[in-house]
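Okay, so the sequence shown: first residue is 1 according to full-length UniProt numbering, each after it adds one. One structure below.
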Amino acid sequence: MANDDGSANTNQSLVSGGSKTTTQIVTVQSDTSNFSAGIKLDENNYSILHQIIEMKIAGREKHGHLTGDIAQPADTDPTFNKWCASDCQVKSWLFDAMQPNQIK
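Shown next, in the form of structure tokens:
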């Protein structure tokens, strides 16, 4: 069964030979799930859009990419590619909230 955020819950009970086995509920949320803030940045809505975008990014555990708390590792570090992919994802979310003429 899918949730509103694109995650899935699984809870199954199996009875075999008189014993019951219950599996744990697992929730998976993809970073590619819908991120739309519902509005685009303009000269009148920065304050509210900033709050919405920040909450959405923090909800995906990538707030440190905005604040600099998740520092860029050296390009020889084995975590560099994962960091780079996360950083690009955050940038794309920010660009998606802007009008094309605001992206420079």
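By construction, the Cβ of each residue, glycine as well, lies at the ideal position given by its N, Cα and C atoms.
Annotation: N101 to F95 spans about 11 Å, alpha carbon to alpha carbon. Around the beta carbon of I39, fewer than 16 other beta carbons sit within 10 angstroms, so the residue counts as exposed.
Note that the stretch 75-91 does not touch the stretch 41-56; fewer than 3 beta-carbon pairs, one per stretch, sit closer than 8 Å. Within its own chain, the residues whose Cβ lies closer than 8 Å to the Cβ of L41, once the five positions on either side in sequence are excluded, are L49, A97, M98, Q99 and Q102, listed in chain order.
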